[in-house]
Amino acid sequence: MPLTVAALVAPPVPARAAPGRPAAERTAAPGDPVGGPRLASSGIVVNKAPGVPELPKIDAKSYLIADGTTGQVLAAKDAHGHHLPASTLKVLTAATLVPRLDADRLVRPSQTACNVEGTKVGLTPKMKYKVSDLFYSLLMMSANDSAVALAEANGGVKKTLGDMNAYAKKLNALDTVAGSTNGLDKDLGLSVRTQHTSAYDLVLILREGMKNPDFREYISQIDHDFPAPPTKKERKQGKKGGYPIHTHNRLLEGERHSYTGMLGGKNGYTIAAKQTYVAAAQRNGHTIYISLMSAEVQPSELATELLDWGFAAQGKVQPVGTLAEPVGAEKEAAQSEKGLLPDAPLASEDSSRTWVVVAGGAAGAVLAVAALLVVLRRRRRDDPFA
6 MPLTVAALVA PPVPARAAPG RPAAERTAAP GDPVGGPRLA SSGIVVNKAP
56 GVPELPKIDA KSYLIADGTT GQVLAAKDAH GHHLPASTLK VLTAATLVPR
106 LDADRLVRPS QTACNVEGTK VGLTPKMKYK VSDLFYSLLM MSANDSAVAL
156 AEANGGVKKT LGDMNAYAKK LNALDTVAGS TNGLDKDLGL SVRTQHTSAY
206 DLVLILREGM KNPDFREYIS QIDHDFPAPP TKKERKQGKK GGYPIHTHNR
256 LLEGERHSYT GMLGGKNGYT IAAKQTYVAA AQRNGHTIYI SLMSAEVQPS
306 ELATELLDWG FAAQGKVQPV GTLAEPVGAE KEAAQSEKGL LPDAPLASED
356 SSRTWVVVAG GAAGAVLAVA ALLVVLRRRR RDDPFA
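Okay, here's the thing in C-alpha coordinates:
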(Lines of atoms letter the chains of each structure in order from A; the text may use other names.)
(Lines give C-alpha, C1' and ligand atoms only; values in the text may rest on other atoms or scores of the structure.)
Protein backbone atom coordinates (compact mmCIF):
# COMPACT_ATOMS: atom_id res chain seq x y z
CA MET A 6 0.00 0.00 0.00
CA PRO A 7 1.78 3.16 -1.16
CA LEU A 8 1.87 6.09 1.25
CA THR A 9 2.43 9.66 0.00
CA VAL A 10 3.17 12.56 2.33
CA ALA A 11 3.11 16.15 1.03
CA ALA A 12 4.72 18.97 2.98
CA LEU A 13 3.88 22.63 2.41
CA VAL A 14 6.90 24.85 2.86
CA ALA A 15 6.79 28.64 3.09
CA PRO A 16 8.61 30.62 0.37
CA PRO A 17 12.13 31.89 0.99
CA VAL A 18 12.60 34.81 3.36
CA PRO A 19 13.12 38.07 1.45
CA ALA A 20 16.25 40.05 2.18
CA ARG A 21 15.74 42.53 4.99
CA ALA A 22 16.75 46.14 4.76
CA ALA A 23 19.31 47.87 6.90
CA PRO A 24 17.84 50.30 9.42
CA GLY A 25 16.73 53.52 7.82
CA ARG A 26 17.00 52.14 4.31
CA PRO A 27 14.29 50.81 1.99
CA ALA A 28 14.04 47.03 1.62
CA ALA A 29 14.71 47.34 -2.11
CA GLU A 30 14.83 49.89 -4.86
CA ARG A 31 11.45 51.06 -6.08
CA THR A 32 10.41 49.09 -9.15
CA ALA A 33 7.82 51.51 -10.56
CA ALA A 34 9.16 53.74 -13.31
CA PRO A 35 9.14 57.52 -12.81
CA GLY A 36 5.75 58.91 -13.81
CA ASP A 37 4.12 55.52 -13.30
CA PRO A 38 3.75 55.20 -9.52
CA VAL A 39 2.04 52.47 -7.59
CA GLY A 40 -1.71 52.97 -7.89
CA GLY A 41 -1.79 54.57 -11.32
CA PRO A 42 -0.20 57.38 -13.38
CA ARG A 43 -2.49 60.15 -12.13
CA LEU A 44 -1.13 59.71 -8.64
CA ALA A 45 2.25 60.95 -9.87
CA SER A 46 0.90 64.51 -9.68
CA SER A 47 2.06 66.72 -6.83
CA GLY A 48 -1.20 68.65 -7.05
CA ILE A 49 -4.82 67.77 -6.39
CA VAL A 50 -6.32 65.02 -8.56
CA VAL A 51 -10.07 64.40 -8.57
CA ASN A 52 -12.88 63.78 -11.03
CA LYS A 53 -16.00 65.90 -10.67
CA ALA A 54 -19.41 64.26 -10.69
CA PRO A 55 -23.00 65.52 -10.48
CA GLY A 56 -24.30 65.73 -6.93
CA VAL A 57 -20.83 65.43 -5.38
CA PRO A 58 -19.60 68.49 -3.47
CA GLU A 59 -16.30 70.19 -4.18
CA LEU A 60 -13.28 68.79 -2.41
CA PRO A 61 -12.70 70.52 0.92
CA LYS A 62 -9.77 72.91 1.09
CA ILE A 63 -7.33 71.10 3.36
CA ASP A 64 -4.33 72.91 4.78
CA ALA A 65 -2.00 69.96 4.40
CA LYS A 66 0.81 69.30 1.93
CA SER A 67 -0.49 65.83 1.11
CA TYR A 68 -3.64 63.77 1.56
CA LEU A 69 -5.55 60.81 0.16
CA ILE A 70 -9.17 59.62 0.22
CA ALA A 71 -9.84 55.99 -0.72
CA ASP A 72 -12.75 53.56 -0.83
CA GLY A 73 -11.48 50.67 1.27
CA THR A 74 -14.26 48.41 0.03
CA THR A 75 -13.45 48.70 -3.68
CA GLY A 76 -9.80 49.76 -3.42
CA GLN A 77 -10.45 52.91 -5.45
CA VAL A 78 -8.58 56.13 -4.74
CA LEU A 79 -11.28 58.81 -4.92
CA ALA A 80 -9.08 61.91 -4.61
CA ALA A 81 -5.58 62.86 -3.59
CA LYS A 82 -3.04 65.62 -3.25
CA ASP A 83 0.62 64.71 -3.77
CA ALA A 84 -0.27 61.10 -2.98
CA HIS A 85 3.32 59.82 -3.27
CA GLY A 86 5.09 62.85 -1.83
CA HIS A 87 7.67 61.92 0.80
CA HIS A 88 7.07 63.43 4.24
CA LEU A 89 8.14 62.76 7.81
CA PRO A 90 5.54 60.43 9.38
CA ALA A 91 5.81 61.36 13.07
CA SER A 92 3.79 58.87 15.13
CA THR A 93 1.71 57.60 12.22
CA LEU A 94 4.77 55.38 11.68
CA LYS A 95 3.59 53.42 14.73
CA VAL A 96 0.86 51.96 12.47
CA LEU A 97 3.63 50.24 10.52
CA THR A 98 5.34 49.16 13.75
CA ALA A 99 2.12 47.57 15.01
CA ALA A 100 1.08 46.04 11.67
CA THR A 101 4.51 44.41 11.46
CA LEU A 102 4.75 43.16 15.04
CA VAL A 103 1.19 42.23 16.07
CA PRO A 104 1.30 38.96 14.05
CA ARG A 105 4.82 38.20 15.30
CA LEU A 106 4.52 38.66 19.07
CA ASP A 107 2.42 36.61 21.48
CA ALA A 108 -0.07 39.02 23.10
CA ASP A 109 0.36 37.32 26.51
CA ARG A 110 4.15 37.28 26.48
CA LEU A 111 5.80 39.22 29.30
CA VAL A 112 8.46 41.75 28.35
CA ARG A 113 10.92 43.59 30.60
CA PRO A 114 11.93 46.86 28.90
CA SER A 115 15.50 48.08 28.93
CA GLN A 116 16.47 51.35 30.57
CA THR A 117 17.10 52.67 27.06
CA ALA A 118 13.47 52.02 26.12
CA CYS A 119 12.25 53.70 29.30
CA ASN A 120 14.41 56.78 28.70
CA VAL A 121 13.21 57.50 25.16
CA GLU A 122 12.18 61.07 24.29
CA GLY A 123 8.66 62.34 23.73
CA THR A 124 5.30 60.86 24.70
CA LYS A 125 5.67 57.90 27.07
CA VAL A 126 3.39 55.57 29.02
CA GLY A 127 5.93 55.39 31.84
CA LEU A 128 7.61 52.00 31.54
CA THR A 129 10.09 50.84 34.16
CA PRO A 130 12.67 48.03 33.94
CA LYS A 131 11.52 46.97 37.42
CA MET A 132 8.57 45.04 36.01
CA LYS A 133 7.46 42.99 33.04
CA TYR A 134 4.58 44.00 30.77
CA LYS A 135 2.26 41.98 28.60
CA VAL A 136 2.82 42.55 24.90
CA SER A 137 -0.87 43.40 24.54
CA ASP A 138 -0.55 46.23 27.08
CA LEU A 139 2.40 47.62 25.12
CA PHE A 140 0.34 47.59 21.91
CA TYR A 141 -2.58 49.35 23.62
CA SER A 142 -0.29 52.14 24.80
CA LEU A 143 1.46 52.29 21.41
CA LEU A 144 -1.70 52.85 19.36
CA MET A 145 -3.93 54.56 21.93
CA MET A 146 -1.61 57.16 23.44
CA SER A 147 1.38 56.94 21.10
CA ALA A 148 3.86 55.67 23.69
CA ASN A 149 7.40 56.00 22.34
CA ASP A 150 8.82 53.83 25.13
CA SER A 151 6.41 51.00 24.24
CA ALA A 152 7.55 51.15 20.61
CA VAL A 153 11.15 50.50 21.64
CA ALA A 154 10.15 47.81 24.15
CA LEU A 155 8.17 45.96 21.47
CA ALA A 156 11.13 46.19 19.12
CA GLU A 157 13.35 44.70 21.85
CA ALA A 158 10.86 41.85 22.22
CA ASN A 159 11.16 41.23 18.48
CA GLY A 160 14.92 40.82 18.64
CA GLY A 161 16.05 44.44 18.81
CA VAL A 162 15.51 47.79 17.13
CA LYS A 163 17.85 47.03 14.22
CA LYS A 164 16.08 43.78 13.37
CA THR A 165 12.66 45.36 13.78
CA LEU A 166 13.48 48.20 11.40
CA GLY A 167 14.53 45.60 8.85
CA ASP A 168 11.24 43.77 9.39
CA MET A 169 9.24 47.00 9.07
CA ASN A 170 10.94 48.01 5.82
CA ALA A 171 10.51 44.51 4.39
CA TYR A 172 6.85 44.53 5.38
CA ALA A 173 6.30 47.94 3.74
CA LYS A 174 7.82 46.56 0.55
CA LYS A 175 5.48 43.55 0.68
CA LEU A 176 2.52 45.93 0.97
CA ASN A 177 3.75 47.90 -2.07
CA ALA A 178 4.26 50.87 0.25
CA LEU A 179 7.37 51.80 -1.67
CA ASP A 180 7.49 55.42 -0.49
CA THR A 181 8.16 54.25 3.06
CA VAL A 182 11.49 54.11 4.86
CA ALA A 183 11.44 53.50 8.62
CA GLY A 184 14.44 54.78 10.54
CA SER A 185 12.80 54.49 13.96
CA THR A 186 10.07 52.38 15.51
CA ASN A 187 8.19 55.31 17.03
CA GLY A 188 8.33 58.09 14.45
CA LEU A 189 10.76 60.37 16.26
CA ASP A 190 12.89 62.23 13.77
CA LYS A 191 15.29 65.03 14.75
CA ASP A 192 15.68 63.61 18.27
CA LEU A 193 17.23 60.57 16.61
CA GLY A 194 19.15 62.48 13.95
CA LEU A 195 16.68 61.50 11.21
CA SER A 196 15.51 63.68 8.34
CA VAL A 197 13.08 63.15 5.48
CA ARG A 198 15.99 61.55 3.59
CA THR A 199 16.37 58.80 6.17
CA GLN A 200 12.75 58.38 7.31
CA HIS A 201 9.65 59.06 5.27
CA THR A 202 6.32 57.81 4.05
CA SER A 203 3.46 59.11 1.91
CA ALA A 204 -0.27 59.67 2.21
CA TYR A 205 -0.75 56.74 -0.19
CA ASP A 206 1.44 54.39 1.86
CA LEU A 207 -0.20 55.28 5.17
CA VAL A 208 -3.55 54.10 3.80
CA LEU A 209 -2.02 50.86 2.48
CA ILE A 210 -0.41 50.13 5.84
CA LEU A 211 -3.50 50.92 7.94
CA ARG A 212 -5.73 48.91 5.58
CA GLU A 213 -3.50 45.85 6.02
CA GLY A 214 -3.29 46.33 9.78
CA MET A 215 -7.08 46.49 10.08
CA LYS A 216 -7.31 42.94 8.69
CA ASN A 217 -5.93 41.69 12.00
CA PRO A 218 -8.54 41.51 14.83
CA ASP A 219 -5.96 42.24 17.54
CA PHE A 220 -4.72 45.31 15.68
CA ARG A 221 -8.32 46.54 15.31
CA GLU A 222 -8.88 46.08 19.04
CA TYR A 223 -5.77 48.04 20.00
CA ILE A 224 -6.40 50.97 17.65
CA SER A 225 -10.11 51.34 18.45
CA GLN A 226 -9.89 51.23 22.25
CA ILE A 227 -10.76 54.43 24.15
CA ASP A 228 -9.69 53.51 27.70
CA HIS A 229 -7.36 50.86 29.06
CA ASP A 230 -5.96 50.03 32.50
CA PHE A 231 -2.19 50.03 32.18
CA PRO A 232 -0.13 48.06 34.74
CA ALA A 233 2.44 49.65 37.05
CA PRO A 234 4.27 48.75 40.26
CA PRO A 235 1.92 49.24 43.22
CA THR A 236 2.46 52.16 45.57
CA LYS A 237 3.10 51.57 49.28
CA LYS A 238 -0.55 52.31 49.99
CA GLU A 239 -1.69 49.86 47.31
CA ARG A 240 0.63 47.16 48.63
CA LYS A 241 -0.77 47.57 52.15
CA GLN A 242 -4.28 47.25 50.74
CA GLY A 243 -3.29 44.22 48.68
CA LYS A 244 -4.06 46.03 45.44
CA LYS A 245 -2.28 45.85 42.11
CA GLY A 246 -0.67 48.97 40.74
CA GLY A 247 -1.71 50.68 37.52
CA TYR A 248 -3.42 53.66 36.00
CA PRO A 249 -5.86 54.39 33.17
CA ILE A 250 -4.65 55.50 29.75
CA HIS A 251 -6.85 57.25 27.20
CA THR A 252 -6.83 57.40 23.41
CA HIS A 253 -5.36 60.35 21.51
CA ASN A 254 -7.70 59.72 18.57
CA ARG A 255 -10.33 62.41 19.05
CA LEU A 256 -12.56 61.01 16.29
CA LEU A 257 -13.46 57.78 18.06
CA GLU A 258 -17.13 57.70 19.01
CA GLY A 259 -17.70 59.41 22.34
CA GLU A 260 -14.59 61.59 22.01
CA ARG A 261 -14.35 65.35 21.58
CA HIS A 262 -14.61 65.29 17.78
CA SER A 263 -16.57 62.03 17.58
CA TYR A 264 -17.09 60.77 14.03
CA THR A 265 -19.92 58.32 13.39
CA GLY A 266 -18.55 55.03 12.15
CA MET A 267 -14.92 55.69 13.13
CA LEU A 268 -13.06 52.36 13.17
CA GLY A 269 -9.68 53.60 14.26
CA GLY A 270 -6.88 55.97 13.42
CA LYS A 271 -3.48 57.26 14.43
CA ASN A 272 -2.32 60.83 14.78
CA GLY A 273 1.23 62.11 14.90
CA TYR A 274 3.15 65.30 15.50
CA THR A 275 6.70 66.52 15.64
CA ILE A 276 7.95 70.04 14.95
CA ALA A 277 9.59 68.84 11.73
CA ALA A 278 6.74 66.59 10.53
CA LYS A 279 3.89 68.87 11.67
CA GLN A 280 0.47 67.20 12.01
CA THR A 281 -0.05 63.77 10.43
CA TYR A 282 -3.05 61.44 10.56
CA VAL A 283 -4.47 58.24 9.06
CA ALA A 284 -7.89 56.74 9.80
CA ALA A 285 -10.74 54.52 8.63
CA ALA A 286 -14.48 54.89 9.12
CA GLN A 287 -17.40 52.70 8.06
CA ARG A 288 -20.99 53.58 7.24
CA ASN A 289 -23.67 51.41 5.66
CA GLY A 290 -21.17 48.62 5.14
CA HIS A 291 -18.73 50.85 3.25
CA THR A 292 -15.27 51.83 4.51
CA ILE A 293 -13.45 55.06 3.68
CA TYR A 294 -9.75 55.54 4.43
CA ILE A 295 -8.11 58.95 4.67
CA SER A 296 -4.63 60.21 5.41
CA LEU A 297 -3.04 63.63 5.62
CA MET A 298 0.52 64.80 6.11
CA SER A 299 2.31 67.99 7.07
CA ALA A 300 -0.77 69.88 8.21
CA GLU A 301 -0.61 73.13 10.15
CA VAL A 302 -3.49 72.46 12.54
CA GLN A 303 -4.77 69.62 14.73
CA PRO A 304 -6.04 67.05 12.20
CA SER A 305 -9.46 66.07 13.60
CA GLU A 306 -11.44 68.73 11.73
CA LEU A 307 -9.47 68.19 8.52
CA ALA A 308 -9.99 64.43 8.74
CA THR A 309 -13.72 64.91 9.28
CA GLU A 310 -13.97 66.96 6.09
CA LEU A 311 -12.05 64.36 4.09
CA LEU A 312 -14.17 61.50 5.44
CA ASP A 313 -17.42 63.36 4.79
CA TRP A 314 -16.41 63.99 1.21
CA GLY A 315 -15.33 60.38 0.78
CA PHE A 316 -18.71 59.02 1.86
CA ALA A 317 -20.50 61.57 -0.34
CA ALA A 318 -18.36 60.71 -3.38
CA GLN A 319 -18.24 56.93 -2.89
CA GLY A 320 -19.79 55.17 -5.89
CA LYS A 321 -20.34 58.46 -7.74
CA VAL A 322 -16.95 59.74 -8.88
CA GLN A 323 -14.57 58.04 -11.23
CA PRO A 324 -11.46 56.96 -9.29
CA VAL A 325 -8.10 58.60 -9.90
CA GLY A 326 -6.16 55.48 -8.93
CA THR A 327 -6.26 52.25 -6.96
CA LEU A 328 -4.90 50.90 -3.69
CA ALA A 329 -2.24 48.31 -4.47
CA GLU A 330 -2.60 44.80 -3.11
CA PRO A 331 0.23 43.18 -1.14
CA VAL A 332 2.84 41.28 -3.13
CA GLY A 333 1.61 37.74 -3.70
CA ALA A 334 -2.03 38.53 -2.89
CA GLU A 335 -3.27 37.28 -6.28
CA LYS A 336 -1.38 34.00 -5.88
CA GLU A 337 -2.82 33.47 -2.39
CA ALA A 338 -6.34 34.20 -3.67
CA ALA A 339 -5.88 31.69 -6.49
CA GLN A 340 -4.68 29.03 -4.02
CA SER A 341 -7.70 29.70 -1.82
CA GLU A 342 -10.08 29.28 -4.77
CA LYS A 343 -8.45 25.91 -5.54
CA GLY A 344 -9.10 24.74 -2.00
CA LEU A 345 -5.54 25.20 -0.74
CA LEU A 346 -5.03 26.94 2.56
CA PRO A 347 -3.01 30.15 2.00
CA ASP A 348 -0.11 30.78 4.34
CA ALA A 349 -0.40 33.39 7.06
CA PRO A 350 0.68 36.99 6.26
CA LEU A 351 4.45 37.16 5.98
CA ALA A 352 4.77 33.50 6.96
CA SER A 353 7.88 33.46 4.78
CA GLU A 354 9.53 35.54 7.52
CA ASP A 355 8.53 33.14 10.29
CA SER A 356 10.63 30.01 10.15
CA SER A 357 8.67 28.50 13.02
CA ARG A 358 5.59 28.22 10.82
CA THR A 359 7.52 26.22 8.22
CA TRP A 360 8.65 23.76 10.88
CA VAL A 361 5.13 23.46 12.26
CA VAL A 362 3.77 22.54 8.83
CA VAL A 363 6.55 20.10 8.08
CA ALA A 364 6.37 18.57 11.54
CA GLY A 365 2.62 18.24 11.17
CA GLY A 366 3.09 16.38 7.89
CA ALA A 367 5.72 14.10 9.43
CA ALA A 368 3.52 13.37 12.42
CA GLY A 369 0.65 12.50 10.10
CA ALA A 370 2.89 10.10 8.18
CA VAL A 371 4.00 8.36 11.39
CA LEU A 372 0.41 7.94 12.52
CA ALA A 373 -0.60 6.56 9.12
CA VAL A 374 2.25 4.03 9.13
CA ALA A 375 1.42 2.98 12.69
CA ALA A 376 -2.22 2.43 11.76
CA LEU A 377 -1.20 0.35 8.74
CA LEU A 378 1.05 -1.88 10.87
CA VAL A 379 -1.76 -2.46 13.38
CA VAL A 380 -4.09 -3.54 10.57
CA LEU A 381 -1.49 -5.92 9.05
CA ARG A 382 -0.69 -7.50 12.41
CA ARG A 383 -4.39 -8.00 13.12
CA ARG A 384 -4.86 -9.68 9.71
CA ARG A 385 -1.87 -12.00 10.36
CA ARG A 386 -3.31 -12.96 13.79
CA ASP A 387 -6.79 -13.62 12.39
CA ASP A 388 -5.59 -15.54 9.28
CA PRO A 389 -5.33 -19.34 10.01
CA PHE A 390 -2.98 -19.83 7.07
CA ALA A 391 -0.51 -17.20 8.13
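Numbers 6 to 391, taken from our numbering, label the letters of the sequence shown in order. We treat Cβ as the ideally placed atom computed from N, Cα and C, and that holds for glycine. Keep in mind it's a predicted model, so treat the numbers as computed, not measured.
Ser47 and Thr199 have their C-alpha atoms some 21 Å from each other. Looking at the DSSP output, Thr202 sits in a beta bridge with His88.
Listed in chain order, the non-local C-beta contacts of Arg288 below 8 Å within the same chain comprise Thr265, Gly266, Phe316, local neighbours out to five positions each way being set aside. When DSSP states are grouped into helix, strand and coil, Thr275 belongs to the strand group. In the DSSP assignment, Leu143 falls within the alpha helix (DSSP H) that extends over 136-145.
By DSSP's assignment, Pro249 forms a beta bridge with Asp230. Apart from the 5 residues on each side of it in sequence, Leu89 sits with its Cβ closer than 6 Å to the Cβ of Asp190, Val197, Ala277, Ala278 in its chain, given in chain order. The beta-carbon distance between Ala91 and Ser137, rounded to whole angstroms, is 24 Å. This is too long to meet the 8 Å contact definition. Annotation: the continuous alpha helix (DSSP H) that includes Ile224 extends over 218-225.
Assigned with DSSP and collapsed to three states, Leu209 falls in helix. Between the region 61-78 and the region 295-307, the count of C-beta pairs closer than 8 Å reaches three or more; the two stretches touch. Pro104 is positioned such that its CB atom lies no closer than 8 Å to that of Ala154. Listed in chain order, the non-local C-beta contacts of Ser147 below 6 Å within the same chain comprise Ser92, Thr124, His253, local neighbours out to five positions each way being set aside.
Under the three-state reduction of DSSP output, Gln280 falls in the strand class.
When beta bridges are read from the DSSP output, Tyr68 appears opposite Lys82, Leu297. With contacts defined as CB atoms closer than 8 Å, Phe140 and Tyr274 fail to qualify as a contacting pair.
Taking C-beta separations shorter than 6 Å and ignoring five residues to either side along the sequence, the partners of Leu193 in its chain run Ser185, following chain order. Assignment of Met169 by DSSP, reduced to helix, strand and coil, places it in the helix class. By the Cβ criterion, the region 198-218 is in contact with the region 74-85, since at least three pairs of Cβ atoms, one from each stretch, lie closer than 8 Å.
With the rule of 3 Cβ pairs closer than 8 Å, the region 169-189 does not count as touching the region 47-63. Residues of the same chain with a CB within less than 7 Å of the CB of Ala300, apart from the 5 flanking positions on each side, are Asp64, Ala65, Lys279, Gln280, Leu307 in chain order. Counted as a single uninterrupted DSSP element, the beta strand (DSSP E) harbouring Val51 occupies residues 49-51.
For Lys216, the closest of Ala99, Gly56, Arg43 by C-alpha to C-alpha distance is Ala99. Per DSSP, reduced to three states, the secondary structure at Gln242 is coil, with no helix or strand assignment.
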